[in-house]
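> Mind looking over this structure? Questions follow.
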Amino acid sequence: MMDSWSDRKRRSIMNLCVNSKMGTIFLSSKECSGEAHTSQQIYEYVESCIQQVGPENVVQVVTDNVTNNMGVAKLLKEKRPSIFWTSCVTHTINLMLEGIGKLPRFKKILDQAKKLTIFIYAHHKTLAMMRSYTNKREIIRSGVTRFASAFLTLQSLSEKKEQLRHMFSSNEWEECKFSASWWGLFGGTTPRLTKIAMRILSLTSSSSGCERNWSTFEGVHTKKRNRL
């Protein structure tokens with residue numbers, strides 16, 4: 001099984017794992033930042049790993065179905081016809097669901113499900129209320145890299161449809177006042193509390209500034225900077 005990814009420094013890395021009845025184990029990794037990801041180059045890497053494992057022990061090679069890997073499949077068929085190439089099922093289904101999700105009739109529903117989930121999880125009171133009505137069952141939230149998670153969110157909401165209906169029609173929901181509404185209605189009558197709240201909310205809530213410093217420090221001892 002072969003896949004590629006990029007780390008925080010944007011270095012391109014290829015990984016190759018081997019799957020058998022004993023499970024999946026890591027076999028090899030290769031940094032190829034300075035190389036073009038051509039079909040020939042990828043095939044040569046896969047071929048070297050096949051030699052390492054032993055061609056008699058290899059039944060199939062699994063990759064995603066991007067263009068250069070389709071070229072690998074063609075080379076594999078020509079040079080090793082006894083070994084099958086298989087497109088990654090997860091990648092294929094994810095692309096299929098991404099295409100379905102772009103259709104207007106589905107996109108509208110998925111967007112609504114995403115907005116509802118974000119709203120519930122963005123407020124601690126609504127989140128606590130949701131957990132109370134669903135017996136502490138969570139809503140599956142959409143991921144950034146996997147479009148299938150949007151459909152899992154929709155399925156999760158559908159499974160909790162009755163509980164969520166009861167929540168939104170309950171007296172508890174009607175009496176629920178959100179932070180922005182409360183400050184808009186009563187903030188002017190509590191100047192001291194307002195002053196304290198502004199100070200607290202002005203404090204930083206993230207260490208991203210430090211992370212940016214580390215990113216800067218990473219470039220201090222690069223070859224280019226040392227030459228300067």
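Just so we're aligned, residue 1 is where the sequence shown starts under UniProt numbering, counting upward by one. For glycine and all other residues, C-beta sits at the position ideal for the given N, C-alpha and C.
Taking 8 Å as the threshold, find out whether the stretch 25 to 33 comes into contact with the stretch 65 to 73 through three or more Cβ pairs.
With a cut-off of 8 Å, the stretch 65 to 73 and the stretch 25 to 33 do not count as touching, because too few Cβ pairs lie within range.
> Within the same chain, show all residues whose beta-carbon is closer than 6 Å to that of threonine 63, passing over the 5 residues directly before and after it, in chain order.
Taken in chain order, the residues that qualify are Met2 and Asn69.
> Among Met129, Trp5 and Asn65, which residue has its Cα nearest to the Cα of histidine 91?
Ranking the options by Cα distance to histidine 91, first place goes to Asn65.
> Could you pull the start and end residues of the beta strand (DSSP E) that isoleucine 13 belongs to?
Here the beta strand (DSSP E) through isoleucine 13 covers 12 to 20.
> Taking buried to mean at least 16 other C-beta atoms within 10 Å of its own C-beta, is alanine 113 buried or exposed?
Alanine 113 should be labelled buried.
> DSSP three-state label for threonine 153, please.
Three-state DSSP puts threonine 153 in a helix.
> Find the nearest neighbour of isoleucine 42 within the set Ser4, Arg11 and Lys9, judged by alpha-carbon distance.
Among Ser4, Arg11 and Lys9, the Cα nearest to that of isoleucine 42 belongs to Ser4.
> Got a sec? Which residues, its chain only, sit under 7 Å from cysteine 17 by beta carbon, not counting five neighbours each side?
Only Met1, Thr24, Ile25, Phe26 and Leu27 meet the Cβ criterion.
> Can you name, in chain order, every residue of its own chain whose Cβ lies under 7 Å from the Cβ of leucine 228, other than the five neighbours on each side?
Unreliable placement is indicated for leucine 228, whose pLDDT of 46 sits below 50; no coordinate value is reported for it.
> Where does glycine 23 sit, in a helix, a strand or coil, going by DSSP?
Glycine 23 falls in the strand class under three-state DSSP.
> Can you tell me whether DSSP reads valine 46 as helix, strand or coil?
If DSSP states are grouped into helix, strand and coil, valine 46 belongs with the helices.
> Give me the Cβ distance between isoleucine 139 and isoleucine 120, rounded to the nearest whole Å; I'm assuming they're in contact under 8 Å.
About 7 Å; that satisfies the 8 Å criterion.
> Where are the alpha helix (DSSP H) runs, 4 residues long or more, that stay fully inside the stretch 80 to 117, in chain order?
Taking only runs of at least 4 residues, the alpha helix (DSSP H) segments lying wholly in the stretch 80 to 117 are 89 to 101.
> Does the beta-carbon distance from threonine 117 to arginine 141 come in below 7 Å?
Contact: yes.
> Using CA coordinates, which residue listed in Met22, Lys9, Gln163 and Cys49 is at the minimum distance from serine 33?
For serine 33, the nearest C-alpha among the options comes from Lys9.
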